[in-house]
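Have a look at the structure below before the remarks.
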Amino acid sequence: MVACFNIESTPWRHISQPAEGFGYRVIQDSASRLLVSAPLEQHTVDRRGQVYQCQVSSSSCSPLPIDVPSYGVNMSLGLSMSKTETSPKTVVCGPTIPKECDSINLYGGMCFSISPSLQQDGPLPSSPEECKATDIAFLLDGSGSVGRDQFSTMKKFVKDLIRKLLKQNTKVSLTPS
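Heads up: the sequence shown begins at 1 in the UniProt record's numbering, then just goes up one per residue.
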């Protein structure tokens, strides 16, 4: 059995913002300031995610101006934020930048380093990643999950898919187990 209690029954501070997802990540940037993310905030047509600087004493927040390049479309900025004890900087990332590569949507991201004076370094990577070869592996097992009547259909599906993928920049592997 586990029993627990709070020493203080009222919240120390209540900070709110009408931004979608506000408070998803919170980093104590200094004794007087918090960095708070709202990764679902759609603030323009192709810009999703906002990081706020919040003053602890007044519980007031304002958007942190982060210069996101044009290819940072709907990246969900602030979905990941981190700060270590060994560095005074906070790393803020948006991992959901879509990129169409040979009719397949792949997702990458970018990160920014924010100094205690709120100066921005980045983005990292500094340019959009190029479409690279895709590796696909089919594992064929003996589990019996595909019955005899379905085997021909599945075999045709795999053959058709491999033919289509071989025309693109894709490596395919069939592996029996």
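Glycine included, every Cβ here is placed at the ideal spot set by N, Cα and C.
Near residue i, which residues of its chain fall below 8 Å by C-beta distance, leaving aside the five closest residues on each side in sequence?
| i | result |
| --- | --- |
| serine 32 | Gln55, Val56, Ser57 |
| phenylalanine 138 | Val158, Val172, Ser173, Leu174, Thr175 |
| threonine 90 | Ile27, Asp29, Leu35, Met81, Ser82, Lys83, Ser113, Ile114 |
| serine 67 | The question names serine, but residue 67 is aspartate in the sequence shown. Here the set comprises Gln120. |
In the structure shown, what three-state DSSP assignment does residue i receive?
| i | result |
| --- | --- |
| glutamine 150 | helix |
| leucine 118 | coil |
| lysine 164 | helix |
| valine 73 | coil |
| residue 180 | Absent from the model: residue 180. The displayed extent of the chain is 1 to 177, so no value can be given. |
| lysine 159 | helix |
Short check: CB of residue i to CB of residue j, under 8 Å?
| i | j | result |
| --- | --- | --- |
| glycine 49 | proline 65 | no |
| asparagine 169 | alanine 133 | yes |
| glycine 122 | glycine 109 | no |
| aspartate 102 | cysteine 61 | no |
| histidine 14 | serine 59 | yes |
| arginine 25 | serine 16 | no |
Excluding the 5 residues flanking residue i on each side, which residues of the same chain have their C-beta closer than 7 Å to its C-beta?
| i | result |
| --- | --- |
| aspartate 135 | Lys171 |
| valine 73 | Asp46, Ile97, Pro98 |
| proline 63 | Gln50, Tyr52 |
| isoleucine 162 | Val172 |
| glycine 23 | Val36 |
For residue i, is the classification buried or exposed, using 16 other Cβ atoms within 10 angstroms of its Cβ as the cut-off for buried?
| i | result |
| --- | --- |
| aspartate 46 | exposed |
| glutamate 41 | buried |
| glycine 142 | exposed |
Excluding the 5 residues preceding and the 5 following residue i in the sequence, name in chain order all residues of the same chain whose CB lies nearer than 6 Å to its CB.
| i | result |
| --- | --- |
| proline 88 | Pro116 |
| serine 76 | Pro39, Arg48, Gly49, Gly94, Thr96 |
| residue 188 | Nothing about residue 188 can be read from this structure; the chain reaches only from 1 to 177. |
In chain order, which beta strand (DSSP E) runs of at least 3 residues are fully inside the UniProt repeat "FG-GAP" (8-63)?
Those beta strand (DSSP E) runs which fall completely within the UniProt repeat "FG-GAP" (8-63) and span 3+ residues are 26-28, 33-44, 47-55, 60-63.
Report the start-end ranges of each beta strand (DSSP E) in the segment 76-146 that is 3 residues or longer and not cut off at the edges.
80-83, 90-101, 104-114, 120-124, 134-140
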